[in-house]
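Note sheet for the following structure.
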């Protein structure tokens, strides 16, 4: 026996000398076993299956409320069931307007009627399903019938209106034409209405989305002349989901607002148009020449207006309640079954939605099949896995939001982490999310092989970052940091209700950057397009399944939840410095601008043959008392280091940490958003504002609010630090 | 008597209390008298006269060798004579090729023949003089008949070829198409030939020069679809002037090179084309999509090639010697008649040349008339004034260069300062030149009223600078500096032979920035265009005459020449720091690039479906011994301060200071260029390279040369410092 033992030990030692120690995994005392499990998981993945699902799911238009959308939900549910998941379809009844009348006419100085439709292409097999395809429109535009002179407002964000003001141009009573980009689209009609415009057109300029980027479809991947970008314009930074049921699930018996009470429906009519339809309008404009960075790639001189181009815009919608079908599939855990790992990807598309969202959906399905295979072969997850295929994401995250609102209490009790995905394609790993998950993400990226280069996806991403960094200092800093830097989450996909309303640590995971796009929210986002340009070999579909699969498996199996708070604390400290610098920079800029106004500098420099209106003097930026926030951050950093240094952790603390960053009262002007570290910007829409209460108060020059929010945020962080201190001293 | 004196003194005191002390003028012990003279000068200026001259001189094409060019020279000479100047026309016989055959054809994959001509416009009265107008061509292109696949090379500068190399594209045996901009045009065929191309097309992209900037002519000012930019492509950074007579005047009996020996004629045929002619060629191209900053404003996807667009380019020229007529007009000084102030502006234009050069020419004529009026009314200049109206500037500064080469010895003996002008228009003062003249220029700008705003042209220029500066640090630095910052002179107009060959302190003076252009070197640079867009009220023609007139008058009348060496020394110190940083930055970039090559970073990041060729490892940048230069600069700064602090100065030293910055051996590879502080860049053409011997050796990674040039430059600056020390201790 003894001898045998010695031999065994010697063998083990010999093995150890030949094979390197297994790479460590946060939360696992036996990483080798987990690596072995993941290798089995990888081996089960099948690209042909994903390709077949993608073709099937994208065969017909499948927006919320469509017949094929329902078919897809049922098909997805049948797959989950076939793999052994406890599967249900949850239905919500949501407001979803579809177009009845769409008219855009140039009525002066010449006449032109916009086509407003995407022609079928022989090279794109599904583009001819004209009767089923929802034509280009913006969901949650109000009905309207307006005529007005056109003003070009660039991206239509607040600072663009400052430029117009300098040029003596007022949009009151006018129709604005904005190009896509620079903000989430819903910001454009919101800001236009705030400035008194009566209508809004949003077009895809080929500079940002068209031939300037690459050959137009079908020759190349990029947006063609009559292709338009559909999309929601609900005021999502106020609240996402069904406009009629803010804060509660849109169940059959839910109490609903009247449509006129819904705060997120636009104040003015808005419609997206293609660049072939925009060109005659823009060409007919006059007035000051647009500033250089406002000019697109159409072969014209861009003018600001107003007019002489005069436009008639008429929009009417069918304001129907339609059913949304969320597919929810559970695999119950063993000893930690009351801890839920939630994974989601929407299934509705604006039209065929091959890339958006089905590229992500089929990778999630394949992941779920792989997990189920493991479960069938004897392994069981310690925690409970929940896969969600959301409906109605496109009109404004309705499927996920209504589900989270319906199940809020149990999710806050049980859900540890939410992992979202959406469109994915060939290229580089792209993860954003809660910074407590930075190490988990880094370790997963370390362990997934890039399909095109003989390195990990982490190494490939790092290589890209290094080639793109311009200064030696930044390169050094990047190389010295061993962790992948996660961007914070704003909005734009189904993580928002989880993270920012329920306070559940969340990630958004995808690949991209090399898969050419150019058909976003158009009728050409098709299977034919995806297999030419998106991910022809389904290499990155596999990589995506390997990546999110590893994240799920590690979260399901870990000894304790693999969260790390030091990275979070350091990141909050960076944000705090940003906010300090924001106030400092604004103060200096205000002083400078006010000095220039006193000295008439801008007026002296301005061309007297052109309109010029000097800005008004701004109130000086006071010194804010940031000390409560600075003290809270300092405490947080210390508490985090002590906490992470402990040999193991209590999941009951870890899984509720993110929730501690929320307050039930929510953010100013938008109580639905409860997270005090991450929020979509009130004037960016998708773009994140970290420490949003403080940052946006400063940006909006509300000094009293800024001081209040500093104290509130400091309180949130102090409470979080105390949780760590209490948990760490266990 | 005594009482009278007291009363007189009291009166003087009282006057002094009411009227502020006259603004000081460098070189004048009695500035009030000079201010009064300048007020009389201003009062004599007449905008109607300038307008009439501009109309007359631009009535027909007047390129060198043309009948109307000769008429203009004779008319200008008759004006000078009528005002009392001792006037002569000096003739040189110079090589000036004109086009015989110009063919640009797309021969594959489709066929297209370029029009290569600018259509007459009813809105532009002189655009129909088709028989006299030289069609678009590049002077000093070789004859050639080549066919090859097209490669798009962006601006065609050396770094663009590095990008092509990364994309696996070789231009050997190909025809390149470059857009105008990014360098002087002559650099494009030079660099293309160095890389093995067989032909070169240069087109005006509407992004840089056309509708992207503003409405096209005749609706607006900007370049229209068939308008092309003529211009010289002689290798001017090697030597300007007649290609057959480098270094000597092209007099009737001058020894001339054979054409085949002339180093400045291009190695490959080159032709400028309009964007309407370029569009079918660029549209027919394929290959990798051009990088974002290479893309212009044509409504296409920009591809690099090579091919499948295949082009036939055939060019033949009449290689004639033609007469160039310089008009030289003198007004002899009194006690300092052997000190010459030289003032020049060319009179030849590519076609009608209303803006370029006649806008500058008529302002110079008006200045000369104003000076003559003063001279008729009793005042006499102490120093000698020489006005020069140059011919043949457009093909490569021939008129000025041949004159300077012919009169080199006497100019170096007598010429104190050369003041050049060229195109001028509405807007902001723009002066570049020798930094010893920075205070003179600042004081003049202080004393000229802006025609549009109730401030001096200096205050208006400062206001522009402040609004354009982005950081508070830069704004503070700018406000604290009391002097106008002169840019250094590279090349592009007739100051080059004076400054960089003869070593005479020089300025180039004009206004602009608000007068819209867009017709540079086209048949539409006309009187009609100028009075709509250039300077409709001739306001800035008056300002230009007031500005250069003041410079001339102050240089003519000053007690001692108004040069200041401290500003020069401080500027050289800045240049020295730039050169240090250049070497440091190149060292870091080289280390980083070589590291990335060792680690395959670029390759890992590159898209494997696209061509990618990694750069070769570069030789590390050694540490250079900059100490001789640093010591010379330190000595220069001390010597300059002591020198400037002396109460008066010896003109014999001041007028020869600039010459001390030259060496008869000239710069490496181009001995004609003798100045060691200012030179046009060997690979920029017009763009200046300060401390050119050292800077270009570093840029070109010639480390041995760099160390040699450091010692040479240090010697030049030490000699200069010694002149100051010797002169200052007088």
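Chains as they are written, first to last, in this note's numbering: chain A, 1 to 730; chain B, 731 to 1460. C-beta atoms are modelled at their ideal positions from N, C-alpha and C, and glycine is treated no differently.
* Excluding the five sequence neighbours on either side, which residues of its own chain have a C-beta within less than 6 Å of the C-beta of residue 1276 of chain B, listed in chain order? -> 772 and 1178
* According to the Cβ coordinates, are residue 1274 of chain B and residue 1172 of chain B closer than 7 Å? -> no
* To do: Have a look at residue 276 of chain A and residue 326 of chain A and give me their C-alpha separation to the nearest angstrom.
  => 37 Å
* To which residues does DSSP link residue 1066 of chain B through a beta bridge? -> B:1113
* Shorter than 7 Å from the beta carbon of residue 289 of chain A to some beta carbon of chain B? -> yes
* Asked: In the region 460-478 of chain A, which residues sit with their C-beta less than 7 Å from some C-beta in chain B, listed in chain order?
  -> 460, 463, 464, 466, 467, 472 and 475
* Are the region 680-698 of chain A and the region 249-267 of chain A touching, with three or more C-beta to C-beta distances below 8 Å? -> no
* Using a beta-carbon distance below 7 Å, is residue 608 of chain A in contact with chain B? -> yes
* So is residue 534 of chain A in contact with chain B if we call contact Cβ pairs under 7 Å? -> no
* Cα separation between residue 1142 of chain B and residue 1387 of chain B? -> 11 Å
* Is residue 416 of chain A near residue 655 of chain A, with beta carbons less than 7 Å apart? -> yes
* From which residue to which residue does the alpha helix (DSSP H) around residue 1325 of chain B run? -> 1295-1328
* CA-to-CA distance, residue 775 of chain B to residue 767 of chain B, given in whole angstroms -> 13 Å
* **Helix, strand or coil at residue 953 of chain B [DSSP, three-state]** => coil
* Min CB distance residue 132 of chain A to chain B below 7 Å -> no
* To do: Kindly indicate if chain A contains any beta-carbon less than 7 Å away from that of residue 1029 of chain B.
  => yes
* Minimum Cβ-Cβ distance from residue 322 of chain A to chain B less than 7 Å -> no
* **Between the CA atoms of residue 1175 of chain B and residue 1186 of chain B - distance to the nearest angstrom** => 7 Å
* Min CB distance residue 1332 of chain B to chain A below 7 Å -> yes
* Does the beta carbon of residue 942 of chain B come closer than 7 Å to any beta carbon on chain A? -> yes
* **Reference residue 298 of chain A, options A:322, A:342 and A:210, closest by Cα** => A:210
* What does residue 452 of chain A touch in chain B if you count any residue whose Cβ is under 9 Å from its own? -> 1337, 1338 and 1339
* To do: Please confirm if the region 1117-1125 of chain B is in contact with the region 1072-1081 of chain B, defined as three or more CB-CB distances below 8 Å between the two stretches.
  => yes
* **Residue span of the beta strand (DSSP E) that contains residue 83 of chain A, given as start and end** => Counting along the chain, residue 83 of chain A falls outside any beta strand (DSSP E), and DSSP gives it neither H nor E.
* Asked: For residue 1220 of chain B, which residues of its own chain have a beta-carbon under 6 Å away from its beta-carbon, when the five flanking residues on both sides are left out?
  -> 1410, 1416, 1417 and 1418
* Using 10 angstroms around the beta-carbon of residue 1446 of chain B, count the other beta-carbons present and answer buried if the total reaches 16, otherwise exposed. => buried
* Beta-carbon separation (whole angstroms), residue 177 of chain A vs residue 79 of chain A, contact threshold 8 Å -> The pair is not a contact, with the Cβ atoms about 44 Å apart (cut-off 8 Å).
* **Residues within the region 946-964 of chain B neighbouring chain A, beta-carbon criterion of under 8 Å** => 946, 950 and 952
* Can you pull the chain A residues whose beta carbon is under 7 Å from the beta carbon of residue 853 of chain B, in chain order? => The contacting residues do not exist; residue 853 of chain B stays about 17 Å from chain A at best.
* To do: Please confirm if residue 457 of chain A has its CB atom under 7 Å from at least one CB of chain B.
  => no
* chain B contact residues for residue 295 of chain A, given Cβ-Cβ distances below 7 Å -> 942
* To do: Could you pull the start and end residues of the beta strand (DSSP E) that residue 272 of chain A belongs to?
  => 270-273
* For residue 1059 of chain B versus residue 1148 of chain B, is the C-beta spacing smaller than 7 Å? -> no
* What is the residue span of the alpha helix (DSSP H) that residue 731 of chain A lies within? -> Lying before the first or after the last residue shown, residue 731 of chain A is absent from chain A, which here runs from 1 to 730.
* Can at least three beta-carbon pairs, one atom from the region 1336-1346 of chain B and one from the region 896-912 of chain B, be found at a separation below 8 Å? -> yes
* Asked: Using a C-beta cutoff of 7 Å, does residue 1140 of chain B count as contacting chain A?
  -> no
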